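Reviewing the structure listed below.
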């Protein structure tokens, strides 16, 4: 049953991504990401990471999608280029997609041949993630918070209206 659910969620995730890529409307492209983010969260839950699954759904399917939609609605979008201008990009994307598909198939076949070690008890839980963030990953965690703070200050400065003389 878990294998069937895994393949269904994977198909939903890939379908949402394909819908995002193939959609001409930017708002529809952003909305196509919601089922793929939710399916990815469900895959994390299926793999035994409940905290990561909930964070995936809340942050990406919730907050990031709202941000994407606000950006899409706020900026004026140009129409997509016509098909003759995109032939080279289409051919390149087909080649890259075929290479990616080959890599996925090779990695899946290699992982099916080897037996994976079972995850330790509590893996992906809140306690393990908190312990890692405040011991081994303390400096990257703090540097990330400083980068986010700098981006927030920069966004506030850029958004500040200039007073006319």
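In our numbering, the protein residues as written are 8 to 172. C-beta atoms are modelled at their ideal positions from N, C-alpha and C, and glycine is treated no differently. These numbers come from a predicted model, not from an experiment.
Local Cβ density within 10 Å of residue i, reported as buried at 16 or more and exposed below that
i           : result
residue 108 : exposed
residue 161 : exposed
residue 39  : buried
residue 56  : buried
Own chain, CB closer than 8 Å to residue i, minus 5 neighbours either side, in chain order
i           : result
residue 140 : 148
residue 37  : 27, 72, 75, 76 and 79
Chain-order list of residues whose beta-carbon lies under 7 Å from that of residue i (same chain, five-residue window excluded)
i          : result
residue 42 : 19 and 23
residue 47 : 20 and 63
Proximity test, residue i beta-carbon vs the ligand NAD heavy atom, cut-off 7 Å
i           : result
residue 161 : Although the ligand NAD was asked about, the structure shown includes no ligands whatsoever.
Close Cβ partners of residue i (< 6 Å) along its chain, the five nearest in sequence each way excluded
i           : result
residue 68  : 41, 44 and 45
residue 155 : none
Alpha-carbon to alpha-carbon, residue j and residue i
i           : j           : result
residue 83  : residue 60  : 34 Å
residue 72  : residue 78  : 10 Å
residue 100 : residue 153 : 36 Å
residue 65  : residue 105 : 32 Å
residue 144 : residue 29  : 38 Å
residue 110 : residue 102 : 12 Å
residue 94  : residue 113 : 29 Å
residue 163 : residue 70  : 19 Å
residue 158 : residue 34  : 25 Å
residue 151 : residue 142 : 15 Å
residue 132 : residue 138 : 10 Å
residue 146 : residue 115 : 34 Å
Under 8 Å between C-beta atoms of residue i and residue j
i          : j           : result
residue 50 : residue 16  : yes
residue 98 : residue 53  : no
residue 58 : residue 136 : yes
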